[in-house]
Each structure stands twice: as structure tokens, then as C-alpha cells.
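Structure, as C-alpha cells:
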Amino acid sequence: MAVSREQIAQRIAQELKDGYYVNLGIGIPTLVANYIPEGIEVMLQSENGLLGMGEFPTEENVDADLINAGKQTVTMAKGASLFSSAESFAMIRGGHVDLTVLGAFEVDVSGNIASWMIPGKLIKGMGGAMDLVAGAENIVVTMMHADKKGNSKILDACTLPLTGAQCIKKVVTDLAVLEIKDGAFHLLERAPGVSVEEIIEKTAGKLILPDVVPVMKL
Amino acid sequence: MAVSREQIAQRIAQELKDGYYVNLGIGIPTLVANYIPEGIEVMLQSENGLLGMGEFPTEENVDADLINAGKQTVTMAKGASLFSSAESFAMIRGGHVDLTVLGAFEVDVSGNIASWMIPGKLIKGMGGAMDLVAGAENIVVTMMHADKKGNSKILDACTLPLTGAQCIKKVVTDLAVLEIKDGAFHLLERAPGVSVEEIIEKTAGKLILPDVVPVMKL
Amino acid sequence: MAGLNKVVTSYQEALAGLTDGMTLMVGGFGLCGIPENLITTMRDIGVTDLTCISNNAGVDDFGLGLLLQKNQIKKIYASYVGENALFEKQMLSGELEVVLTPQGTLAEKIRAGGAGIPAFFTATGYGTPIAEGKETREIDGRHYILEPSLTADFALIKAWKADTMGNLVYRNTAMNFNPMMATAGKITVVEVEEIVEAGELDPHHIHTPGIYVNRVIKGTFEKRIEQRTVKAR
Amino acid sequence: MAGLNKVVTSYQEALAGLTDGMTLMVGGFGLCGIPENLITTMRDIGVTDLTCISNNAGVDDFGLGLLLQKNQIKKIYASYVGENALFEKQMLSGELEVVLTPQGTLAEKIRAGGAGIPAFFTATGYGTPIAEGKETREIDGRHYILEPSLTADFALIKAWKADTMGNLVYRNTAMNFNPMMATAGKITVVEVEEIVEAGELDPHHIHTPGIYVNRVIKGTFEKRIEQRTVKAR
Chain Z
0 MAVSREQIAQ RIAQELKDGY YVNLGIGIPT LVANYIPEGI EVMLQSENGL LGMGEFPTEE
60 NVDADLINAG KQTVTMAKGA SLFSSAESFA MIRGGHVDLT VLGAFEVDVS GNIASWMIPG
120 KLIKGMGGAM DLVAGAENIV VTMMHADKKG NSKILDACTL PLTGAQCIKK VVTDLAVLEI
180 KDGAFHLLER APGVSVEEII EKTAGKLILP DVVPVMKL
Chain H
0 MAVSREQIAQ RIAQELKDGY YVNLGIGIPT LVANYIPEGI EVMLQSENGL LGMGEFPTEE
60 NVDADLINAG KQTVTMAKGA SLFSSAESFA MIRGGHVDLT VLGAFEVDVS GNIASWMIPG
120 KLIKGMGGAM DLVAGAENIV VTMMHADKKG NSKILDACTL PLTGAQCIKK VVTDLAVLEI
180 KDGAFHLLER APGVSVEEII EKTAGKLILP DVVPVMKL
Chain A
0 MAGLNKVVTS YQEALAGLTD GMTLMVGGFG LCGIPENLIT TMRDIGVTDL TCISNNAGVD
60 DFGLGLLLQK NQIKKIYASY VGENALFEKQ MLSGELEVVL TPQGTLAEKI RAGGAGIPAF
120 FTATGYGTPI AEGKETREID GRHYILEPSL TADFALIKAW KADTMGNLVY RNTAMNFNPM
180 MATAGKITVV EVEEIVEAGE LDPHHIHTPG IYVNRVIKGT FEKRIEQRTV KAR
Chain F
0 MAGLNKVVTS YQEALAGLTD GMTLMVGGFG LCGIPENLIT TMRDIGVTDL TCISNNAGVD
60 DFGLGLLLQK NQIKKIYASY VGENALFEKQ MLSGELEVVL TPQGTLAEKI RAGGAGIPAF
120 FTATGYGTPI AEGKETREID GRHYILEPSL TADFALIKAW KADTMGNLVY RNTAMNFNPM
180 MATAGKITVV EVEEIVEAGE LDPHHIHTPG IYVNRVIKGT FEKRIEQRTV KAR
């Protein structure tokens, strides 16, 4: 049985390390903030210009001048700092963010990612996603393994316009944790109750299996 | 009779306009601050990272953390702001400074300036001079018309390594005020008591004379 | 206005000289930190054929959406335009030319424009549609594209406080694109919530030095919120 | 140090991992805002073959001059080195390789290094000896040269105050090159006059966010003045 969006977030939270500066994209990545492991300190970066994003405000503390990159009202954590978007992307482009988590439509065996544009449908724009994937050393992509019809989104080559080329190394889906290296997806973990066969079936890109496939710990 | 350093500064101060942001180089340019005309407001920029440089401090107010680009202790004027050297040169390179005044060893009819290096002698470095001449629209160069042996420093082509190419339009010397355009020096004013003949004699570069040569007002 | 005093008292005066066909930078991220009243003044003046550089395009009835309603914008540089149905319609019909630009590249192109840097290399967008037609180069084993800088005839800025000399302070994340844009306009106009005397702002705390600012006006602001997210107490 | 706490308590710990042959950025303009104690610690450790990136080279017996005295520097990037006789001697004898770089170009090369921009065009130095061997390009009728960015193994920074998370505030013109250098070191070490608890600095007033900072140490400073200029009361 595939894991839920919340469980994907829970699994990704295990990638956080004490002292990390982290950028969480919109959607499932945002949920990761709810599962930061006990006993570790991390700082959340919001690319509009805030380091040290806190939780949502109470109704009385809503401040139109304090939003995150998803345009949601937020608060500041202890030790927060404020800066321009140019400074914010200097941090991102300069590789200062330790971990970036973002969603995708497709990934492929070369580490390419497509996440911003579906030709023929509405083009909303890439926002900061192209900068985030170009700037980060350490990116985790969160996505559904296949679409609702069962078509794989884990491909040999992305079919949609790219967000970034050869930049993705780790993917967490509702079915599996995958590492991308040497032109293939390497299966690291499977979701609880998901068979290796199902993962093979729903992975269109070249897949390398280990002898034993551990189950995601949640 | 040639004018003094103080008088050169006094003449250059007439180039200041109300509301100008001004960068004054080391040497004679620094003296310009003493002759800001009554009734106009200007802001002095110091390229290490200060806009709104004030006068020298009293002995009690000397602050090692507050210096100008000449490494002299200074104070801040009302409305001053502090910033990094990168921001400071963004201002300069981006053409936001209204007037830049700096010294030179040589200038020539093409608007080239040499001010930072005499080969074979000690090389001290260009500091911010190359950025200042490249960034400013409006530069006034202050210098002696000739060296102590009478050799002109107002040339057809600079002999020393350049600080900047084709960037100088106005020169104030101890003998004259010159405009550089169309490949020549145009004599705008002569120093009190200095004959046009002396200026001609001490100007090696092509010189264009007007019908009447007004005297510098000091 | 005289000397270093940048204060103007009417929005008409604030936008004097802004004419049809000009290129404008408009500060803000989403609806946060946008120059609300400068935008409505442009709507009222009816200036057209504008090229706008702005991270977003407002929503249908607020921010730059107000100018889209009246077809005043012919071209826009933005990174994300997903909040605006009118925008979509005009883009698909070809009324509006859209240059989608990655957010960090947009921020840096503006910063470069203000800083006198005509072009820079960045890895952002390499291998994507953004790189099409752009010079690429490999430097130390990584691939980059060359991005030219952006400047504008007017930069329209929202800050929290200004002093009379145009020194600016922003509040919280309403800073966003405003500081870079303030440096990249031939004429930079700033609307603020409060104007104080020169000397009242601590020189250490000034985000935008007055050298970049031509006009300052005090306004009142709706500050509409796009995504009001709250938690229980 | 654990989590986001960057505070260290000895200068040896502050410079752990700094070894012979490394490239260092050293903050300060003249003797203003230099990391005095980090420099003397390097002298005491005796690390050699250093490449230093610093606007100036100190004076004979203070600042980077202390490392020149012991021949610890093999190469230096600087814009102005005129205050230092020892420097002159080592440069003329060929012991010291000097890369003179215009001050604004130096500042921008460092800022670019920290911001992930590998190279940019600038008009500064076009047509001068600085342009020799560099790519040039005409853009919109002006001539520019291409300048690669700079990064370093260590950045040695002086700030006024830090909080425990490494957020920094500078004082007066002691800011100078420190903020850019803080972004461009693989390891950024900061010495400060005061360390406060996280949360004590106003987020609006932080000049360098802690993300750039690896280690913070509290020191005491001589703050030598190069040109003491005063006026009568």
C-alpha cells in the first residue's frame, strides 16, 4: 500500500541533520516541517527573503508583511533574519542551503527534473524552482511514483520541459526511496506493504535492485 | 600666477549642485569638502562603505571603526548610511554618484587618465580609482598642469599605464579649466594672472582656444 | 523637493514623467510589499504600452492585475504568474508578451542592472527552455548561461519607512524585490507608511541608501493577504 | 558547537583545519575591521604558503603585515598595498606574488563567489593593464571585461556582535569587505566583540545571516588607527 503525503513528508524528515539550513518547496515538502526529529535544530529558508521561518500565526498575529514563498502568512523563528530576494538567491545559488526538498512532475535516470510547465496547459512560471535545483548540492524530490492511470513518472528521459539538468540524486515517492546514480535509479527502500514487483512495474526508467530491499521506517 | 591646491579645490566646488552625491578622492579632491557653496546640500560618499561623510572628529570622538577611503578618522553627517564595499561599488559602478573628483598623473585628448602606477617605482595599487572612473558619468580631474621641470601632464596620449580609457571630460589644474571633447582640450578658463601663452606652452596635447578666455572665479 | 529632500505630496507628482511605452520595475512578492497606490495611480492616469518587470502580476483585481484589466501592459518579465486568470487569458491570446524568468535570476538581473554589471553567468536554467538562444559556457566543469542585466525607466517601490533624504527601511518579508529595484530605475519612486526626519534612522539599519531614491511619498495601504494561514492558539 | 550554535571558545578551535597552501579571505579596509586575533593566531600556528585575498596588506607590524614578516604569504589579491614597506620588498624580490585588483572589482568578485556566479562583465579596468589577458566584450556600445569570481577555503571575518547562531552585525565602516567575504569562504570564522543569545538581534538589523557562518569567537581588539585626523573642538 502506497504511503500518504504525510508519510512521504515523515520519511523525508529523516534526511534532516542537526544544524541544517533547509528550503522546503510548496506542497508535500511544506509538510516536512511538521516532522522535524526531536533533538535536532534546523533553520527553514523561505526564498522571498526569510531565514528562520516559524509556524503559522494565530489569528491575532497574522501580518500581511510576513509571508513565505507560498504566499502563506507565517511567523519568524528565534534567530531569524530578513533580507532581499537577491540576497536570498545568493544563498541558494551559492550553495549555502544544506537541503532542498521540492516536488516534481517527472524525474529521470540522468537526474533531470521537470516540475514547472505542462505545454498546452496553463504556464504558471517556475518561481524559484530553477534556482533551487541549480544551486543545491543536496536535493530530495518528493512526488507520486505514477499518475492516476498508473503511468510512471520515474523515467529514462523526462518528457516535459526541464526545471534543471543532472541535478537530482534522491527521490522519495509514495512507493519507494530511490537514489539516482550512474544513469539508473537505485532502489533504496520500499514503502510498507509495497512489493518490489509493484515498484518495478511502475518505474519506467532503468532500475537497479539490491539483494535486500529494506522497508521505509515511519 | 598658478593657483594653489586650496584654490583648485575652491574652483571645483563650483561644480557641485544642490542634491548631488559626490565622491572626493584623496589629496586635492578631499579639500573640496571645505568649499561647498552656501545654500546647497550635498552628500559625500566614501567608497569603503559610507554615504554621508561628515567632518573630522574631535579628539574625544575619534572612532577606529569610522574611517574614510583615505583611512582617516571621520564622522557621519545627518542622514548617513552604512553598507558593505560591494554595495558601495554597486553605487559607483552603477552610475549613481553624481560627481567624482580625483587626482591624476596624466590625462590626454582622448579622455584617458593615468593615476595609479609609475613603472619602476613602487606600485601601491589602484584602490577604487579604476572603478570610480569607469562608473561615473561626471568626473572632474584635479592635477598640476606640468611637473616641477615644466613638462606637461596634459598630453596627446598618456605615457603611464591607464586608470581608465575615454572617461574624462573635465580637468581643473593650477593653470586652467579644460574640457575634453572631439579629441582635444578646450580651454574654458585660465587661472588669475596666468597668460594664455603659458597655458599653451605647458599643454602638450592638442588645445582649442576660444576667442575670449574667462578668468577662474575664486 | 530641493537639495536632498525627496518628499513629494501627490501621487501625480510622484509619477511625473511616466509615459506610454516605458519600462517599469514594480516591487513586491505576490501581494506583499507592492506599491499599491502607485499602481492605482498608473491605472487612473491610463498610461499604456508598459513593459513591467515584477516577480508576479498581482491578482485579477489587485496589484498589477488592475493594469491588466485595462490592457495597459504589453510585456512583462516575471517568475510566477499563477494567481491571475486575466493574465492567462491575455497571454494565451497574445495580447501580453510574457518573459518567464527564474526568480533568483530575475532578482540578480535587477541587482546587476543597478550595480553597473551588464551581464553575468549563472547555472540556473542551464539545459532548460530558459537557456534557449542564450550563450552558454562551461567553467570549472559546470555549465552556465549568460544573463544580461535589467534596468528600467521607473522603479516603483514600497518601503516601510523613509527619511526625507530617501533612506529606506523595509518591514519583514515586504522587502523582497524592492531593494534591488530601487537601485535599477532611472527614476526611483518610493511609497512608504511613514516619513521621518533625516537623522532619525540609525545609519546601520538603513536597507536602501537615499542615493538610489528620487521621490518619496507617504501612502495608506490595504495590504491584501493572498493565503491567510493560521493555527489555533 | 551543536546544531545551530556556532560559538567556539579558543582561537585554535576557530582555525581548526586551516593548513599550509590554503586560500584565505581576510576582512577589513586598511586596519579597520580586520580580524586581528585570527591573524595573530595564524602567525603563531605558523601556517605557510598562504594565498590571501584582502583589500590591503596591513602595515609592517599589524594586520597581515605580521604574516609577511614571517614569509607566510606566497600570493595576495589586493587593491591597495601602499602602507607596507615589507610588502614592497617582498614583491620586488619576487617572494610575494601580487594580483592587484580594482577595489570594486575585488568586492564584486568576492560577492559573486559567495552568490554562485562564476563570472561577470564590468567596465572597470577596460583599456588598462588590468584587462590584459582577459576576455573583453562590447555590450550596448560600452566595453567590458570578464571577471571570474573568487572563493576561499577560509574566510576570516571581524564583526561587532554575533548571536550564537552566527547572525552578524557590523559597526560603522568596520563592515567594508567583511559581509561579502563571510559568504565566500568554505569555512567562515568570525571574531566579534560581543556574543548575544539567538533572538536578541532584530531580524531587520542583521547584516550577515548565520547561514554563511561556521564559527564565532569572542575576542578583544586593539583597533589601531592608521590616520588619526581630528579637528579642534
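Residue numbers (numbering that gives the first Met the number 0), protein chains in the order written: chain Z, 0 to 217; chain H, 0 to 217; chain A, 0 to 232; chain F, 0 to 232.
The beta carbon of each residue, even a glycine, is placed where N, CA and C say it ideally should be.
Residue state for E196/A is assigned as coil, using DSSP reduced to three classes.
The count of Cβ pairs closer than 8 Å, one atom from the segment 148-166 of chain Z and one from the segment 114-122 of chain Z, reaches three, so the stretches are in contact.
According to DSSP, K169/H shares a beta bridge with V139/H and E178/H. For G126/A, the chain Z residues whose Cβ falls inside 8 Å of its Cβ are N111, L161, G163, A164 and Q165, in order along the chain. Under the Cβ distance rule, R10/H does not count among the residues neighbouring chain A, no pair being separated by less than 8 Å. Using a Cβ distance threshold of 8 Å, T100/A and S78/A count as a contacting pair.
As the crow flies, the alpha-carbon of T74/H is around 25 Å from that of V139/H. For H142/A, the secondary structure class from DSSP, reduced to helix, strand or coil, is strand. In terms of Cβ geometry, K157/A and P34/A form a close pair [threshold 8 Å]. Any Cβ of chain H closer than 8 Å to the Cβ of G132/A would place that residue at the interface, and such an atom is absent.
The Cβ atoms of V212/Z and I7/Z do not sit closer than 8 Å to each other. Sequence-distant partners of G18/H (beyond 5 residues in either direction) whose C-beta falls short of 7 Å from its own C-beta, in its chain, are E40. Rounded to the nearest whole angstrom, the C-alpha separation of E192/A and S53/A is 21 Å. One thing to note: G102/H has its Cβ within 8 Å of the Cβ of P28/H.
The beta carbon of K120/H sits no closer than 8 Å to any beta carbon of chain F. The C-beta of Q71/Z has 16 or more other C-beta atoms within 10 Å across all chains shown, which makes the residue buried.
From the listed residues A1/H, I179/H, V195/H and Y34/H, the smallest Cα separation to R10/H is found for Y34/H. By the neighbour-count criterion, in which a residue is buried when 16 or more other Cβ atoms sit within 10 angstroms of its Cβ, R4/Z is exposed. Excluding its 5 nearest sequence neighbours in each direction, E14/H has C-beta neighbours in its own chain below 7 Å: L98 and V139, listed in chain order. Listed along the chain, the chain Z residues whose CB falls inside 7 Å of the CB of L105/F amount to none; the nearest CB is some 17 Å away. Within 10 angstroms of the beta-carbon of T8/A lie fewer than 16 other beta-carbons, which makes it exposed. Between A1/H and K222/F, the beta carbon gap of about 42 Å keeps them out of contact (Cβ cut-off 8 Å). The three-state secondary structure of F88/H, taken from DSSP, is helix. With respect to the C-alpha of N4/F, the residue from Y211/F, A231/F and R227/F having the closest C-alpha is Y211/F.
Taken through DSSP and simplified to helix, strand or coil, H185/H comes out as strand.
Under the DSSP assignment, S92/A falls outside any beta strand (DSSP E), being part of the alpha helix (DSSP H) whose first and last residues are A84 to S92. In the structure shown, Q226/F falls within a strand segment according to DSSP collapsed to helix, strand and coil.
Excluding the 5 residues flanking it on each side, E136/H has same chain C-beta neighbours closer than 7 Å at G94, in chain order. Interface residue (Cβ-Cβ distance to chain H less than 8 Å): G198/A is classified as such. Around D152/F, no beta-carbon contact reaches into chain Z at under 8 Å, the shortest distance being about 15 Å. Taking A85/H as reference, the option from E190/F, I38/F and A181/F with the minimal CA-CA separation is A181/F. Looking at M41/A, D48/A, V46/A and G2/A, the one whose alpha-carbon comes closest to that of F61/A is M41/A. Put simply, of K123/H, M129/H, L49/H and I179/H the residue whose alpha carbon is nearest the alpha carbon of G57/F is K123/H. With a cutoff of 8 Å on beta-carbon distance, L67/A and I38/A are scored as not near each other.
L23/Z: member of the beta strand (DSSP E) spanning Y20 to L23, first to last residue. P202/F belongs to the set of residues whose beta carbon lies under 8 Å from a beta carbon in chain Z.
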